[in-house]
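Residue numbers (my numbering): -15 to 421.
C-beta: ideal position from N, C-alpha, C; glycine also.
Here the structure is a predicted model, which means the values were calculated and not measured.
Below is one structure, written out as structure tokens; the observations come after it.
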């Protein structure tokens, strides 16, 4: 046992890492702070590990006695350039511990010694890692792995700007124009959001150093609009013991330069962090194009208030309603999670029509997707559309799909005012809504 001191007696410790960099952590009241930088947010868990080592340090084995000359010590990595820590205690005493090379033992360990004592021991490599580090690794890292289920909207500003919005579980891209989302790509995005984390604190953000990280002229800023939530704490028996309400909030992360093809710099809450490509690179790489669905519209029937179909100067409005599903035993039908199930009702001018026929046509419409991109030079007169579908959602907002002449075999598809692709006559004309159902 190299050190055995009461925990409360440690007053400060000076760390010198293998690069020669130094920092001092000292006790102030009941806490430890970084000397000279009281605003530096120390990771309490990491500091606790260091404090524990400096009050109770147990070695793995005794390696032998070594002459205290520079040459002998250097051979074990315990020379004048060795990483070390000097601990100061309340009784005025101090101890300096040096960490040496890999001891090449069966269980990985390093050489260690106390200055002034010729005895050399081995100790777990984890202990060395507690001290042979840059001060930046001791900075507190904020947790940002919030659940994607609390995300109402994601805005990507800067390069390739676009916006995603969620309403009752239905996701849609709303900017630069409304467009359906590819389900697989969305699932991947939400999964990545659940796993976001910062790898390493780099620096407080200052106007003078933002350019060093590519954050002076932002490439992209990402805004997460989060709904209010409640965090419940549980005891060891999984019984709830407390609740903490989290208000609705918006989190912003700014993206900077890439770092050596393994990560990128991020600015969050006034501080610069290094992030790995594995955990945060998707924020840089995702785009409107990678997220959009081949089908331009994917409006769930339970989000639809009405659908207007216009063709050959004839307008037909289909109004959607819902009624509880009744089982043969006259009980209300529910899904496996206990949620009420509903049947869809469809009306034309207050007259109910066959909802199944309508739903088949509606699904065919949602499955309509472009066969290829339109030329950039394509233009059409606003009033020359062949067929137009206007969707009115529950929140009274509207979406539109219009088909315009393109060539002898294809229509041009305009989605919410933007021409996006061409589609074959055969596919588009197969979508038939009959007013005589």
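| Asked | Found |
| --- | --- |
| Buried or exposed: residue 434, going by 16 or more other Cβ atoms within 10 Å of its Cβ? | Residue 434 lies beyond the residue range present for the chain, which begins at -15 and ends at 421; the question has no answer from this structure. |
| State yes or no: is the C-beta of residue 247 within less than 8 Å of the C-beta of residue 226? | no |
| Cα separation between residue 131 and residue 269? | 21 Å |
| With DSSP collapsed to three states, give me the class of residue 263. | helix |
| How many Å lie between residue 313 and residue 325 at the Cα? | 15 Å |
| Between residue 342 and chain C, is there a C-beta pair that is closer than 8 Å? | The question asks about chain C, but that chain is absent: this structure has only one protein chain. |
| Do residue 417 and residue 293 have their beta-carbon atoms positioned less than 8 Å apart in this structure? | yes |
| Which residues does DSSP pair with residue 356 in a beta bridge? | 406 |
| Just to confirm my understanding: we take residue 25, look at its own chain, exclude 5 residues before and 5 after, and list those with CB closer than 8 Å. What are they? | 123 and 124 |
| Name the DSSP beta bridge partners of residue -15, please? | DSSP, once it has assigned bridges, lists no residue as partnering residue -15. |
| Along the chain, where does the alpha helix (DSSP H) that runs through residue 109 open and close? | 109 to 115 |
| Using DSSP's beta-bridge definition, name the partner residues of residue 6. | 0 |
| Name the residue from 157, 407, 200 and 153 whose alpha carbon lies nearest to the alpha carbon of residue 146. | 157 |
| Hey, residue 276 and residue 178 are a contact pair by Cβ (cut 8 Å); roughly how many whole angstroms apart? | Going by Cβ atoms, the distance from residue 276 to residue 178 rounds to 22 Å, so no, they are not a contact pair. |
| Who are residue 150's beta bridge partners in DSSP? | 155 |
| Starting from the Cα of residue 353, find the closest Cα among 251, 342, 394 and 308 and give me that residue. | 394 |
| Where does residue 277 sit, in a helix, a strand or coil, going by DSSP? | coil |
| If we count the other Cβ atoms within 10 Å of its Cβ and call it buried at 16 or more, is residue 111 buried or exposed? | buried |
| Can you tell me whether residue 150 is buried or exposed? The criterion is at least 16 other CB atoms within 10 Å of its CB, across all chains shown. | buried |
| Along the chain, where does the alpha helix (DSSP H) that runs through residue 29 open and close? | 28 to 39 |
| Sorted by chain position, which residues of the same chain lie with C-beta nearer than 7 Å to residue 162's C-beta, five sequence neighbours on each side aside? | 156, 383 and 400 |
| If you compare alpha carbons, which of 346, 280 and 77 is closest to residue 355? | 280 |
| Three or more beta-carbon pairs under 8 Å between the segment 286 to 301 and the segment 362 to 379, yes or no? | yes |
| Can you give me the Cβ contacts of residue 89 inside the same chain, cut-off strictly under 8 Å, excluding the 5 residues immediately before and after it? | 44, 45 and 106 |
| Who pairs with residue 46 in a beta bridge, going by DSSP? | 105 |
| So the candidates are 317, 82, 335 and 343; which of them puts its Cα closest to the Cα of residue 328? | 343 |
| Pairs of beta-carbons, one from the segment 333 to 352 and one from the segment 401 to 416, closer than 8 Å: are there three or more? | yes |
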